[in-house]
Every structure is written in structure tokens, then in C-alpha cells.
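Read through the structure below, which is laid out as C-alpha cells, and then see the notes.
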Amino acid sequence: DALAALDGVTRFVELGPDGVLSALVQQPDAVTAPLLRRDRDEVTTVLTALATLHVNGVPVDWSPLFTGVRPAELPTYAFQHQRYWLESRPAKAVAADPAEAGFWATIDRGDLTTLATELGVDPLSPLESVLPALTSWRARGRERSRSDGWRYRVGWQPVPEPGTSVLEGTWVLVGADTVGLAAALTDHGARVLTVGADERGALARRLRALDEPIAGVVSLAALEDAPLLDTFAVVQACLDVESTAPLWLITRGAVSVGRADAPAGPVQAQTWGLGRTLALEHPERWGGLLDLPAVVDSRAAGRVAAVLGGALGAEDQVAVRGGGVLVRRLEHAPVGSGSVWKPRGTVLIAGGTGGLGAEVARWAAANGAERLVLLSRRGVRAPGAAELLAELPMAEIHACDLADRSAVEALLATVGKVDTVVHAAGVSEHMALVDADEEHVRRVVDGKVDGALHLDALVGTDLDAFVVFSSISGVWGSGEQAAYGAANAALDA
Ligand SMILES: NC(=O)c1ccc[n+]([C@@H]2O[C@H](COP(=O)([O-])OP(=O)(O)OC[C@H]3O[C@@H](n4cnc5c(N)ncnc54)[C@H](OP(=O)(O)O)[C@@H]3O)[C@@H](O)[C@H]2O)c1
Numbered sequence: 065d066a067l068a069a070l071d072g073v074t075r076f077v078e079l080g081p082d083g084v085l086s087a088l089v090q091q092p093d094a095v096t097a098p099l100l101r102r103d104r105d106e107v108t109t110v111l112t113a114l115a116t117l118h119v120n121g122v123p124v125d126w127s128p129l130f131t132g133v134r135p136a137e138l139p140t141y142a143f144q145h146q147r148y149w150l151e152s153r154p155a156k157a158v159a160a161d162p163a164e165a166g167f168w169a170t171i172d173r174g175d176l177t178t179l180a181t182e183l184g185v186d187p188l189s190p191l192e193s194v195l196p197a198l199t200s201w202r203a204r205g206r207e208r209s210r211s212d213g214w215r216y217r218v219g220w221q222p223v224p225e226p227g228t229s230v231l232e233g234t235w236v237l238v239g240a241d242t243v244g245l246a247a248a249l250t251d252h253g254a255r256v257l258t259v260g261a262d263e264r265g266a267l268a269r270r271l272r273a274l275d276e277p278i279a280g281v282v283s284l285a286a287l288e289d290a291p292l293l294d295t296f297a298v299v300q301a302c303l304d305v306e307s308t309a310p311l312w313l314i315t316r317g318a319v320s321v322g323r324a325d326a327p328a329g330p331v332q333a334q335t336w337g338l339g340r341t342l343a344l345e346h347p348e349r350w351g352g353l354l355d356l357p358a359v360v361d362s363r364a365a366g367r368v369a370a371v372l373g374g375a376l377g378a379e380d381q382v383a384v385r386g387g388g389v390l391v392r393r394l395e396h397a398p399v400g401s402g403s404v405w406k407p408r409g410t411v412l413i414a415g416g417t418g419g420l421g422a423e424v425a426r427w428a429a430a431n432g433a434e435r436l437v438l439l440s441r442r443g444v445r446a447p448g449a450a451e452l453l454a455e456l457p458m459a460e461i462h463a464c465d466l467a468d469r470s471a472v473e474a475l476l477a478t479v480g481k482v483d484t485v486v487h488a489a490g491v492s493e494h495m496a497l498v499d500a501d502e503e504h505v506r507r508v509v510d511g512k513v514d515g516a517l518h519l520d521a522l523v524g525t526d527l528d529a530f531v532v533f534s535s536i537s538g539v540w541g542s543g544e545q546a547a548y549g550a551a552n553a554a555l556d557a
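Start counting at 1 in the sequence shown, then tack on 64, and there's your number in the working numbering.
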């Protein structure tokens with residue numbers, strides 16, 4: 065009765081000894097703050113009560129609690145609600161109409177009686193068999209619209225023809241200039257010095273000896289015989305030299321900008337994975353990635369010079385093609401509708417004893433595979449291998465190093481016909497770009513990239529599917545994972 069009489073009061077402090085009176089407060093917008101609670105810590109309870117009042121607009125004198133402390137201004141950015149990440153896409157609304165939504169809710173519940181009433185049919189009609197099918201159809205659709213929200217792919221956006229920009233200062237070309245870039249840069253006003261590709265120490269010494277301010281460095285190392293290791297050497301030598309000159313990495317056919325363009329080359333693509341990691345680890349040295357067309361005529365060389373001269377502003381992932389210049393974008397790529405693929409026959413899973421490989425094995429076993437051939441370097445000695453064999457009677461586990469072509473050949477000879485290949489073998493190691501030595505690069509790249517090439521070459525073409533597991537590090541890089549990014553960019557290609 066007393067509470068009812070306190071019409072208009074919305075803030076209640078209960079002095080004790082528990083929250084019994086607070087519990088009687090019924091107004092929906094009321095704030096209650098009991099200062100003592102049975103079985104709760106006294107200090108915590110009283111401070112919680114005061115804080116509750118404070119955040120609900122009741123002035124609280126905090127000065128006795130914080131003696132000698134001056135309040136600080138709160139940063140305001142938290143309240144500006146400006147987001148810096150991609151908006152997640154709402155799952156497609158299946159039914160906006162409430163009646164239709166109710167219909168689908170009946171299906172979701174598997175509620176035969178209501179559905180029969182709704183449809184005006186006998187519950188014992190053939191609906192009995194239709195309903196489970198409808199229910200799982202609906203579940204699949206929901207699953208698909210959720211995973212559709214996660215799917216992205218790389219796309220290429222044409223940009224207006226870059227104007228003729230002037231290249232200021234001295235530019236260093238590292239590697240053999242087989243594409244005539246020196247002439248194009250000179251035409252655009254640069255003073256050009258060329259330095260042959262070399263191992264890291266020698267290259268750093270030559271760069272240091274240049275004894276003049278450098279406006280930019282352009283690596284042509286990816287066009288050499290050992291593109292990845294040579295590019296690592298150039299990048300590391302540049303990092304060893306104290307300089308802020310931006311470093312551009314030139315490739316040729318590393319990316320495919322559309323159906324009319326040649327497919328991306330896996331070896332060239334590695335430099336893009338490495339480059340994205342360089343951009344993350346050393347933004348102060350980052351210039352960009354620039355992919356050349358198969359034929360570099362004077363027009364294409366001019367476009368390259370314009371891009372290096374800054375004609376595209378902050379764009380740092382660029383493809384020059386006969387038809388113009390394109391920049392890289394990440395695009396949403398829903399699958400939409402389509403039938404669900406199911407494995408059959410023999411499924412070979414490289415890395416099949418690993419985390420994702422074992423999941424794929426379980427999925428394949430439950431979805432139609434008759435025989436599972438799992439391989440990894442340790443084979444049955446891998447952790448979890450015995451349990452996997454016990455769980456999946458159709459599975460066999462072989463020890464095989466994918467980096468070793470003859471070992472892969474011998475294994476395939478004993479296995480016989482394979483219907484599907486899943487390549488989920490990989491080694492993920494962290495190492496800063498400046499420290500990445502050849503052994504590290506080989507450990508990370510060989511099993512993954514050479515392994516994919518060996519499987520592709522040796523398994524034959526009569527396959528249902530050839531699936532490779534790559535990583536987003538190949539698209540946007542990953543700190544301390546330059547080699548891993550390179551390997552994954554190659555698999556994407
Ligand atoms: N887990 C993730 O979140 C994630 C994210 C993005 C991409 N990926 C990619 O998905 C794949 C699987 O990842 P995961 O997390 O399942 O890794 P994992 O648990 O480390 O498994 C990797 C498997 O590959 C095998 N392997 C490594 N090198 C091999 C070689 N040269 N020859 C044959 N087998 C080899 C390993 O076994 P042995 O050591 O016995 O050879 C192991 O069975 C990898 O390619 C990874 O890059 C994973």
C-alpha cells in the first residue's frame with residue numbers, strides 16, 4: 065500500500081537488511097538499490113547499489129570514496145557508434161507475412177496436427193511422409209543462408225585510366241628488368257637505378273652503398289627463377305637498410321581479374337600472400353602489389369609508372385591489363401540455391417589426422433564415402449589416429465610426406481582409384497618477416513603447395529572433386545605468417 069501511494073517515485077534505496085522491499089516494487093521503469101543483501105559481500109553490495117543509482121541518473125557523491133582522485137573526461141568515441149568492420153548481413157527473411165511465418169513455425173516444430181488443420185487435410189494423408197522432408201528442407205535453407213553470410217571472394221574493379229603522373233626522385237629496380245620498366249619510369253621523370261637480385265646480405269650492402277635518397281624500390285624478384293625465396297631476400301634486405309622508401313612488389317599473372325583473364329599462377333600468387341604480410345608487419349615500408357599482364361607493351365608500362373607515381377592514391381593491390389587498370393576488392397559471394405554435394409567411393413584426405421582433416425573424414429563417412437584414405441607424415445603415430453580408426457571403420461591411415469613426390473606416387477599406387485581428394489595438410493608457424501629463413505619457408509610451403517601440385521599431377525583427372533584448404537592469410541595476410549600467407553595464396557590460385 066505504501067508503494068502504491070508513492071505514485072511517481074521511480075528510484076528506491078533500501079537500507080536493509082535485505083532486498084525484500086525492493087522486490088515488492090512493481091513499476092516497470094523503477095530502479096531499486098538494496099544496500100545490504102543476505103549472504104552477499106557488504107562492500108560489493110553497497111557499491112553495486114550506488115553504481116546502479118549513478119548509471120540511472122541519480123547524483124551520487126563519490127568524493128568520500130575517491131579521496132584525492134580527480135575525475136577524468138571519458139573518451140567520446142565509444143558513443144559515436146561508428147563501426148570499422150564489415151556489417152554482418154542479416155539472414156534472408158524467409159517470410160515477412162505473419163501468416164506465412166506461422167506456417168513455417170508449424171513446419172519447424174514438426175507439428176502434424178496443426179499443419180493438417182492449417183491445410184485442411186487429414187493428418188493421416190501422405191503428409192506424414194512429406195512433413196519430415198519439409199522440415200529438413202527448411203533447416204537446410206536456414207543453414208545455407210547463414211553460411212551465405214560468411215562467404216566472400218576476391219573481385220576486381222576497373223578504375224579510370226590513371227593520368228600521367230610524374231615520378232619524383234630516384235627509384236631502384238631490383239632484379240632483371242625483362243619487362244622494360246626502367247624506360248617507363250625514366251619517361252615519367254624518375255632517375256632509375258637497377259640492382260641485380262642477390263642474397264639478402266649482399267643486396268642490403270648494395271642498397272646501402274647507393275648513397276642518395278631513394279624515393280621508391282620496385283622488386284622484380286618475383287619474375288626470377290626462384291620467385292618466393294628471391295622476393296623474401298629483397299624484402300628482408302630492404303628492411304635491413306634504414307630507409308622509408310616504399311617497396312612495390314611486381315608479379316606477372318599472379319591474379320586473375322575475370323573470366324577473360326588467364327587463371328592465376330600459383331607460383332606468382334605466393335608473392336601476394338607475402339606482400340600482404342609485409343603490409344601488416346611493416347606499413348612504414350609498404351608500397352603495394354602490382355600484377356603485370358602477359359605482354360607488357362609501352363602502354364602497360366606507362367600505366368605501371370602512373371600507379372607507382374601515386375595516380376591511384378592509397379590503392380595498393382593493382383592489376384595492369386591490356387584493357388586498363390583494376391584494383392582488388394573483397395566481395396560478398398553467397399552460393400544461393402543449389403543441390404548439396406555428397407562424396408562417394410574413395411575419399412583421400414591429406415592431413416586427415418589433423419584438426420580439420422579429421423572433421424572432414426567424419427563428415428565424409430556420414431555422407432556417403434565408402435573408403436577413407438587419410439594421410440599425414442606421422443600416419444598412425446599421429447595423436448588421435450587410433451581413435452579415428454576405431455570411430456571410422458572405413459578409414460585407413462598412411463604415413464606420407466606430401467612434399468616428397470615419389471612418396472606420393474608410391475602411396476597412390478597402393479591406394480588405387482580415388483574419387484575425391486581433400487588437401488587439408490599444412491604447417492602453420494609464426495616467424496617475423498625479418499627472421500624468416502629458408503628452412504622456415506620450406507617447412508611451411510613445401511607440404512602445402514608442392515603437396516597440392518603433387519596430388520594434382522599424380523591422382524589423375526577422373527575425380528568428383530579436388531578440394532584444397534587455404535586460409536584468409538593468403539588474401540589479406542597475417543602478421544608473422546608471410547610464408548603461410550604465401551602458401552595459402554598459391555592454393556587459392
Ligand atoms: N584450423 C584453422 O582454423 C584453419 C584456418 C585456416 C586454414 N586452415 C588450413 O586448413 C588445413 C588444416 O588445418 P588444421 O587446423 O586441421 O591443421 P592441423 O591440425 O595442424 O593438421 C594439419 C595436418 O597436416 C599434416 N601435414 C602437415 N604437413 C604435411 C606433409 N608435408 N605431408 C603430409 N601431411 C602433412 C599434419 O600431420 P603430420 O604432422 O603428421 O604430417 C596434420 O595431420 C591447413 O592447411 C590449414 O592451413 C586451418
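Glycine included, C-beta positions come from ideal geometry on N, C-alpha and C.
Can you tell me whether residue i is buried or exposed, with buried defined as 16 or more other CB within 10 angstroms of its CB?
{"i": "residue 512", "result": "buried"}
{"i": "residue 177", "result": "exposed"}
{"i": "residue 535", "result": "buried"}
{"i": "residue 539", "result": "buried"}
{"i": "residue 121", "result": "exposed"}
{"i": "residue 324", "result": "exposed"}
{"i": "residue 433", "result": "buried"}
Hey, quick one: how far does the beta strand (DSSP E) through residue i stretch, first residue to last?
{"i": "residue 518", "result": "Premise fails: residue 518 lies in the alpha helix (DSSP H), 515-522, not in any beta strand (DSSP E)."}
{"i": "residue 383", "result": "381-385"}
{"i": "residue 390", "result": "388-396"}
{"i": "residue 11", "result": "Shown here, the chain extends from 65 to 557; a query on residue 11 therefore has no answer."}
{"i": "residue 135", "result": "Premise fails: residue 135 is in no beta strand (DSSP E) and is neither H nor E."}
{"i": "residue 255", "result": "255-259"}
{"i": "residue 312", "result": "311-316"}
{"i": "residue 95", "result": "95-98"}
Specify the secondary structure class of residue i as computed by DSSP and reduced to three states.
{"i": "residue 484", "result": "strand"}
{"i": "residue 352", "result": "strand"}
{"i": "residue 367", "result": "helix"}
{"i": "residue 547", "result": "helix"}
{"i": "residue 362", "result": "helix"}
{"i": "residue 533", "result": "coil"}
{"i": "residue 225", "result": "coil"}
{"i": "residue 345", "result": "helix"}
{"i": "residue 274", "result": "coil"}
{"i": "residue 77", "result": "strand"}
{"i": "residue 182", "result": "helix"}
{"i": "residue 118", "result": "helix"}
{"i": "residue 492", "result": "coil"}
{"i": "residue 539", "result": "helix"}
{"i": "residue 416", "result": "coil"}
Which first and last residues belong to the alpha helix (DSSP H) in which residue i is found?
{"i": "residue 235", "result": "Element bounds for residue 235: not the alpha helix (DSSP H) but the beta strand (DSSP E), 234-238."}
{"i": "residue 195", "result": "191-214"}
{"i": "residue 504", "result": "502-509"}
{"i": "residue 291", "result": "291-304"}
{"i": "residue 69", "result": "66-69"}
{"i": "residue 470", "result": "469-479"}
{"i": "residue 459", "result": "Careful: residue 459 lies outside any alpha helix (DSSP H), inside the beta strand (DSSP E) at 459-463."}
Using 8 Å as the threshold, is the C-beta distance between residue i and residue j below it?
{"i": "residue 375", "j": "residue 229", "result": "yes"}
{"i": "residue 488", "j": "residue 415", "result": "yes"}
{"i": "residue 482", "j": "residue 412", "result": "yes"}
{"i": "residue 542", "j": "residue 242", "result": "no"}
{"i": "residue 570", "j": "residue 546", "result": "Nothing about residue 570 can be reported from this structure: the residues present for the chain run from 65 to 557 only."}
{"i": "residue 253", "j": "residue 240", "result": "no"}
{"i": "residue 246", "j": "residue 281", "result": "no"}
Give every residue of the same chain whose Cβ lies closer than 7 Å to the Cβ of residue i, excluding the five residues on either side of it in the sequence, and list them in chain order.
{"i": "residue 301", "result": "264, 267, 268, 271"}
{"i": "residue 552", "result": "337, 534, 535, 537, 538"}
{"i": "residue 431", "result": "406, 407"}
Ignore the nearest five residues each way along the sequence and tell me which others in residue i's own chain have a CB closer than 6 Å to its CB.
{"i": "residue 382", "result": "354, 371, 391"}
{"i": "residue 510", "result": "467"}
Starting from the C-beta of residue i, find all residues in its chain whose C-beta is less than 8 Å away, skip the five residues before and the five after it, and write them out in chain order.
{"i": "residue 82", "result": "98, 100, 101, 102"}
{"i": "residue 456", "result": "425, 426, 429, 436"}
{"i": "residue 147", "result": "none"}
Looking at chain D, is there any beta carbon in it that lies within less than 8 Å of the beta carbon of residue i?
{"i": "residue 273", "result": "Of the protein chains in the structure, only one exists, and it is not chain D."}
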